[in-house]
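So the structure is just underneath, and the comments pick up after that.
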Amino acid sequence: MAVDRIAEPWGTRTPYEPGTRWPDRVDTYLADGVTPEAVDRWVQSAAVLHSNGDGLDIAVKDGRIVGVRGRAVDRVNHGRLDPKDLFGWQANASDDRLRAPLIRVGGELRPCDWDTAMGRIVARSRELLDTFGPSSIGFYTSGQLFLEAYYTQAAIAHGAIGTNHVDSNTRLCTATAAEALKESFGCDGQPGSYADVDHADVIALFGHNVAETQTVLWARMLDRLAGDAPPAIVCVDPRLTPVARRATVHLAPLPGTNVALMNGLLHEIIAHGWIDRDYIDAHTVGFEELRGRVEEFPPGRVAEICGVSADDIRDAARLLGTAERLLSTVLQGFYQSHQATAAAVQVNNIHLVRGMLGRPGCGVLQMNGQPTAENTRECGADGDLAGFRNWSNDAHIQELAKLWNLAPLQIPHYAPPTHAMQMFRFAEEGTLRMLWVTATNPAVSLPELPRIRDILSQERLFLVVQDIFMTETAALADVVLPAAAWGEKTGTFTNADRTVHLSEKAVEPPGSARSDLEIFLNYARRMEFRDSDGQPFPPWTDPESAFEAWKKCSAGGPCDYTGLSYEKLRGGSGIQWPCNAEHPDGTERLYGDAKFWAAPDYCEAYGKDLITGAPLQPDEYRSMNPFGKAIIKAAEYVPPHERPSPDYPFVLITGRTVYHFHTRTKTARAPQLELAAPDVWVEVSQRDADRLGIGEGDAVEVSTPRGAVRCAARICGIRDGVLFVPFHYGYWDLERDGVGDRGHRRAGNELTLTDWDPVSKQPIYKTAAARLAKRRHRRAATNGAAAAPTTAASAPVNGAVPATVGGAAAGVAEVLPTGAGR
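Taking the working numbering as reference, the numbering of the sequence shown is continuous, increasing by one, and the terminal residue is 832.
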């Protein structure tokens, strides 16, 4: 059967009961006129436009990609695919792909050959190293490369060059996930598994609009809801998302008050005795401090702070406290705030005080937003060191130095690896003189964009951009390197529940584009990097040898890959790490034995103060947690740094929509996805719209102290006092809005502020103070409605708005099990 997967992003239901296997449903989309029989070959891969890690096969005909199908054998998706993956592959064949390197000559970017481009990068690198030293060079990468490229980049940056300035755009997305796991368990690594959806009787989603960010995971939850004995849903989100519409209890707190809300929930859980005291005493430290803190947050006080009903707080706490099998997920609604880590840690605390870890249906997923965010953290490409090593543990540094055959002092460990926001500040101040940006678009994705554009445009900053299209950031570069895209290279990547997939090369990249791994290794050879014996460093030469080198790096650690190989990953399902001699088939859940990677000599980090971000010293940590137990950390509530005022009475939040990924580099080039959400919008509640005289589709201006965005209004179910703008959209075309103001932008990050969580250093995208005004004498949106999708959180309250559909072009074949589908 064919289903319009723009109109129905989650596809057809296949109901199932708790404790049973999620039924298969194989989704297939092929280019017009291509039949399955006409496909020359199917090449194994997995999804790269979200963090779910859906296993898929790439259809190849006449040397080009012509479609995709889900892999029924895969543990993650059982054959289902996300709309972005069903249609996004079309971007690979876009006519505007970068096909040759570019260098800036006389103010313009001009094509050149690889020798010329790399020669310019190498000359500038050597000049800076000789003049200013390693700290003059920084690397800012993405959550979308392969493990092999991350490990190579980290080895070059930390080892060969010796710079501490290495981070990823996962800093904007899920840095808090890693930090929250370190704070509670001493180390990164998701305790739970997607299979916990199959067993849970309560699923709680904290700031996680799973319906739009990981649609296949929501389809799994929907299928449980459609079956017998469905789970209760607790949703914490200020918007009326598809999750909120199906929730048993929906809490819509004022943005910036998550810690107060979590303290209130924990107050009720502890006060009613819904805790496992034996587990707490045997396996945790810190409970008494938590008990004392949350006593200050009874439901009445929390209701006043958060703007939610005290009865709803009690009802949600009862579900969390009496669940027999509780699964919790967390994402950007908690992560992109001023108390991000503090709030996420309180979710971990619920599971620790209830002893709900490591069993089917009992787990925490501090989610990722990108397909390979987990790999940036494992490999040391995002503010960590390779193999979850602790930068302030000398034994870990010596271990890494021995592995790389380098002197320990060559690896910077005088301070934590520099986070992205600090790197851009160093560039602004002039101490960072070269920035290599890979597969990300900070000229649209970073906060306070006018400042970021000024930084990237500085003459003294040598900017290298490695990408597949001429993005807004690439347009500012001194050198642009054309990269091979997904499907044009081989490598592995790991999803949010630790599942490792192999992605095989299906087709050749266009022109002279090269894989990220090839580019990094070529740079290393031209720079003549050497180890202590004078041998080329890094020593590996191709994807498989890089993977084998990574296995040695991970051996014996939390993220142990030693039981994996390319051959083992071929043909079947993805496999969860740790995978080693003890666990040859992978490990579905962590901490079932209540043994944590938290011992002082072993832990990845010693933790930080949740309010100030001040790091604990090794002796402080050893005194607090000598036996490596899980850590229960309390946190006081602190109001947001920028709060509503008479001039700016709203709280602005930014985020994603189901049909686009990041800055639309790929999804805007897929017709079905672009037509579903072609332009920026702002979401406003009916009551706020009525008060301001704004109707559906009216032209409005959203402004903060930093800038303004002009767009159409969507009147929807968002809570009063809050505005939402998607961050995907870049610049307006000249004259596009009919008023000829060249400086006009449509990027949501024109409005966000330069500030971050003190612990994870994740930027704050959820608590800007804003105002909304109708633009007089300007035309309304097309058909009198905003371009916002009607299928998702932006669903209008006015049913007269045309429904979002994809038509025949979005028809996807779904093969369901016999008797399924309702």
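Where a beta carbon is used, it is the ideal one built from N, C-alpha and C, also for glycine.
Predicted, not measured: the structure shown is a model, and the values here were computed from it.
- Rounded to whole angstroms, the Cβ separation of residue 331 and residue 284 is 3 Å, and the two are in contact under 8 Å.
- For a cut-off of 8 Å, the C-beta gap from residue 194 to residue 643 is around 7 Å, short enough to register as a contact.
- Residue 511 is a Cβ neighbour of residue 56, given a cutoff of 8 Å.
- Annotation for residue 351: 186, 189, 190, 193, 620, 767, 769, 770 place their beta carbon closer than 7 Å to its own, counting only its chain and skipping 5 residues before and after.
- Here the region 356-370 makes contact with the region 270-283; the two share three or more CB pairs at distances below 8 Å.
- With contacts defined as CB atoms closer than 8 Å, residue 824 and residue 21 qualify as a contacting pair.
- Across the structure, residue 377 and residue 582 are spaced so that their CA atoms are roughly 24 Å apart.
- The C-alpha of residue 90 lies about 11 Å from the C-alpha of residue 19.
- Residue 161: member of the alpha helix (DSSP H) spanning 157-164, first to last residue.
- For the options 347, 637, 624, 783, the alpha carbon positioned closest to that of residue 606 is the one of 637.
- In this structure, the beta-carbon distance from residue 180 to residue 666 does not fall below 8 Å.
- Rounded to the nearest whole angstrom, the C-alpha separation of residue 577 and residue 525 is 21 Å.
- In the DSSP secondary-structure assignment, residue 702 is not bridged to any residue.
- DSSP places residue 776 in the coil class of the three-state scheme, outside both helix and strand.
- Around the beta-carbon of residue 442, 16 or more other beta-carbon atoms lie within 10 Å, marking it buried.
- Between residue 723 and residue 708, the C-beta gap is smaller than 8 Å, which places the two residues in contact.
- Around the beta carbon of residue 562, fewer than 16 other beta carbons sit within 10 angstroms, so the residue counts as exposed.
- Contact check for residue 420 and residue 172: beta-carbon distance about 5 Å, within the 8 Å limit, so the pair qualifies.
- By alpha-carbon distance to residue 395, the top candidate from 381, 411, 591, 537 is 411.
- Contact between the region 261-272 and the region 813-820 is absent: fewer than three C-beta pairs spanning the two stretches fall below 8 Å.
- Looking at the DSSP output, residue 725 bridges to 694.
- Runs of the beta strand (DSSP E) lying entirely within the region 128-204 and spanning at least 3 residues, in chain order: 147-151, 176-178.
- In this structure, DSSP gives residue 369 an extended state, which the three-state scheme calls strand.
- In the DSSP assignment, residue 511 is bridged to 503.
- Counting the other Cβ atoms within 10 Å of the Cβ of residue 38 gives 16 or more, which makes it buried.
- Within the same chain, and ignoring the five residues on either side of residue 202 in sequence, the residues whose Cβ sits closer than 6 Å to its Cβ are 373, 374, 375.
- Taken in chain order, the unbroken stretches of alpha helix (DSSP H) that lie wholly in the region 272-334 and span 4 residues or more are 287-293, 297-304, 309-316, 320-332.
- Uninterrupted beta strand (DSSP E) stretches at least 3 residues long and entirely within the region 797-826 occur at 821-825, given in chain order.
- Between residue 104 and the set 569, 267, 359, 75, the nearest pair of CA atoms involves 75.
- In the DSSP assignment, residue 459 falls within the unbroken alpha helix (DSSP H) covering 459-466.
- For residue 53, there is no enclosing alpha helix (DSSP H); the enclosing beta strand (DSSP E) has its first and last residue at 51-56.
- Two segments are said to touch when three or more pairs of C-beta atoms, one from each, lie closer than 8 Å; by this definition the region 291-303 does not touch the region 325-340.
- Check the Cα spacing between residue 435 and each of 764, 33, 424: the tightest is with 764.
- In this model, residue 626 and residue 608 are separated by some 14 Å (Cα to Cα).
- Between residue 588 and residue 804, the alpha-carbon positions lie close to 39 Å from each other.
- Look at residue 263 here: in three-state DSSP terms it is coil, with no helix or strand label.
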